[in-house]
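Reading through the structure tokens given below for one structure.
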Amino acid sequence: MRWSGFDKDELRRDAENYHQRIEGLRERNVACTEEEVHEAQQDLEWIQTRIQQDTNTDVSQVTDLLSNIFEISANLRAINLDACIIAGHTKTCRPAEHYRWYRSANQNSSWPSIWTAASQTFRIVTSTISRSRIQLEKLQIFPDTPLCSVQLRHVEDHLRTLNPDGLVAACKNIKSFGLSFSTHILIEAPPTQGECLFRHAFAAKSPYRLNQHLESDAEDFTGAAAILTYMPNLTSLDLHLHHLDHLVLPKYTKAFSHISQTIRLGRLRELSLRGLPLRPDDLILFLTNHPTITKLSLDGILLVGGSWSSVFSCIETMPALENLHLSSLSTEYHHITNLDPVERTFEVDLQDREKWVTCGDGHILYKRDVCREEIRQRLDFRPQPGPRNIWRDDTWAYFDCIQYEFGPPSRIWEWEPLNEDM
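Quick note on numbering: this note's numbering labels position 377 of the sequence shown as 499, and the sequence is numbered without any gaps.
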């Protein structure tokens, strides 16, 4: 069949010109000043020195050194893990932005090294905590570091290697805990990178192929519940899931199911769940068992096997709840849950893209902060506008944000030189 007015040869030429221009941008030579050359040489020398130091230092040495530091830090009460990429003596960037330092056609291969380093850092720090038995009150593990998480399977595997008595002593007084974890994926690192600290940005890789999934077992989902058993006195809990594959995400309802069935935190006042897939019964069970919660945040939650109405009904009856934050909620059937109240007391502001999107023949409010009085008046929201129109709906920015916060990193780290400010 031939479409009238459609020139396939012209399309091929345009595509070829586009790829040639990209290659030209990657290989372009730009004149540098003597000052820039000198700065680059200093950065290179500094990085090479750091590489040599890290290559000659193994994980056990770092753990021993950090344990000694913790033992003499009598007043250490809080540990907050964050991450940055070192690209020079004065050049650092967030993991989600480190593709900007490179001009490579293989950008999608860069994130496995970050994930590997995150798990290694988790092992080092938790081993040190267990050895030193410091009296922590706050422990945050990459809670607000975009595109940097510890695989949940690695949490479970590592906890088995620790001295449980040491971990109990160090964690029993923790009041605030945050953990960013991810779904399980196979990552292959070169043998030379084994347990050394230095990791080249593109050394590790994931052999994942479309429709090829790892077999899962119970240990893939129990890590979060396992670490929470050491923290009976929590007053604030923040759990964030970064999923690496949309197709396996629903399986990870088991992660919170283990928590709801085995964990009781009698002093819990603040709960934040971000990016997790949840079953209504599991969430309702946990909320019912924790009537002391005063602040609840649900962000990027995928509800599996039910609707939000039963969850909202439970939230309305929570006796101590004063503040409720809802954002980017979804189900298996609706990618965006409408939080626009039936009895709205505020104006629709479609210019506020951080709260509103146009969708179908109407609009959706996807982010809301609800006070105690509104909660008591019922969480009654307007139905989804319809029908959906993928060409007219203004949802691209919304889904890009969801991808950045919770989704697979492959799209985020693709380099588009023609869209970059030169």
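Just so you know, even glycine gets a beta-carbon here, dropped at the ideal spot from N, CA and C.
None of these values were measured; they are calculated from a predicted model.
Exercise for the section: Give me the Cα-Cα distance between Leu393 and Ser358, rounded to the nearest whole angstrom. Expected result: 6 Å
Problem - Between the CA atoms of Ser235 and Ala218 - distance to the nearest angstrom - result: 12 Å
Exercise for the section: Name the one or two DSSP bridge partners that Arg475 has. Expected result: According to DSSP, Arg475 bridges with nothing at all.
Handout entry: Asn202 - DSSP class collapsed to helix/strand/coil
Key = strand
Handout entry: As assigned by DSSP and simplified to three states, the class of Glu495
Key = helix
Exercise for the section: Look at Asp471 and Lys477 and say whether their C-beta atoms are less than 9 Å apart. Expected result: yes
Practice task
Pull up the distance between the alpha-carbon of Leu448 and that of Asp462, whole angstroms please.
Solution key: 11 Å
Problem - Of the listed residues Asn190, Leu203, Ser252 and Glu167, nearest to Gly210 (C-alpha basis) - result: Glu167
Exercise for the section: Return the bridge partner residues of Asn178 from the DSSP annotation. Expected result: According to DSSP, Asn178 bridges with nothing at all.
Exercise for the section: State the beta-bridge partners of Cys215 as determined by DSSP. Expected result: Ile207
Handout entry: Selected residue, minimal CA-CA separation from Leu420, among Asp367, Thr467, Asn445 and Asp186
Key = Asn445
Practice task
Please work out which residues of its chain come closer than 6 Å, Cβ to Cβ, to Leu332, disregarding the five sequence neighbours upstream and downstream, and give them in chain order.
Solution key: Reliability of the predicted coordinates at Leu332 is poor, the pLDDT of 44 falling under 50, and the value obtained from them is presented with this limitation in mind. Same-chain partners within the cutoff: there are none.
Practice task
Determine the DSSP secondary structure at Arg553, reduced to helix, strand or coil.
Solution key: There is simply no residue 553 to check, as the chain begins at 123 and stops at 544 in what is shown.
Exercise for the section: Below 6 Å CB to CB, which residues in the same chain sit around Ile169 once its five sequence neighbours on both sides are set aside? Expected result: none
Handout entry: Ile349 - DSSP class collapsed to helix/strand/coil
Key = helix
Practice task
Under the assumption that Val479 contacts His485 (Cβ atoms under 8 Å), give the Cβ distance between them as a whole number of angstroms.
Solution key: 7 Å
Exercise for the section: Assign Pro505 to buried or exposed, taking buried as 16 or more other Cβ atoms, counted over all protein chains shown, within 10 Å of its Cβ. Expected result: exposed
Exercise for the section: Assign Gly482 to one of three DSSP states: helix, strand, or coil. Expected result: coil
Exercise for the section: Leaving aside the five residues before and after Pro399 along the sequence, list all residues of the same chain whose C-beta is less than 6 Å from its C-beta, in chain order. Expected result: Leu371, Pro372, Tyr374, Thr375, Leu424 and Val426
Practice task
Under 6 Å Cβ to Cβ from Ser226, same chain only, skipping five residues before and after it: list those, please.
Solution key: Residue placement at Ser226 cannot be trusted, given a pLDDT of 47 that sits under 50; the coordinates are not used to answer.
Practice task
Determine the contact status of Gln257 and Ser304, defining contact as a CB-CB distance below 9 Å.
Solution key: no
Exercise for the section: Could you check what DSSP says for Pro268 in three-state terms: helix, strand or coil? Expected result: coil
Handout entry: Those residues which DSSP pairs with Leu258 across a bridge
Key = Its beta-bridge partners do not exist; DSSP assigns none.
Handout entry: For Gln506, the three-state DSSP class (helix, strand or coil)
Key = coil
Problem - Nearest residue (CA-CA) to Arg389, options Ser379, Leu361, Ser249 and Pro354 - result: Pro354
Practice task
Could you check which residue in Ile208, Leu361 and Arg490 has the C-alpha nearest to that of Phe299?
Solution key: Leu361
Exercise for the section: Please state whether DSSP places Ile458 in a helix, a strand or coil. Expected result: coil
Problem - As assigned by DSSP and simplified to three states, the class of Asn228 - result: Any reading at Asn228 needs caution, since the residue's pLDDT is 48, under 50, leaving its predicted position unreliable; the model's value is listed next. Looking at Asn228 - three-state DSSP - the assignment turns out to be coil, as it is neither helix nor strand.
Practice task
Please look up how many angstroms separate the CB atoms of Thr185 and Ile246, rounded, as I've assumed it's under 8 Å.
Solution key: 5 Å
Practice task
Starting from Gly422, trace the alpha helix (DSSP H) both ways and give me its first and last residue.
Solution key: Neither: Gly422 is in no alpha helix (DSSP H) and is coded neither H nor E.
Practice task
Apply the 10 Å Cβ neighbour rule to Gly529 and answer buried if 16 or more other Cβ atoms are within range, or exposed otherwise.
Solution key: buried
Practice task
Would you kindly work out how many angstroms separate the C-alpha atoms of Leu418 and Ser302, rounded to a whole number?
Solution key: 18 Å
Problem - Counted within 10 angstroms of its Cβ, other Cβ atoms place Gln242 as buried (16 or more) or exposed - result: buried
Handout entry: Beta bridge counterpart(s) of Phe299 as assigned by DSSP
Key = Leu261 and Leu359
Practice task
Return helix, strand or coil for Gly529, following the three-state DSSP convention.
Solution key: coil
Exercise for the section: Determine the direct distance from the alpha carbon of Asp342 to that of Gln525, and round the result to whole angstroms. Expected result: 22 Å
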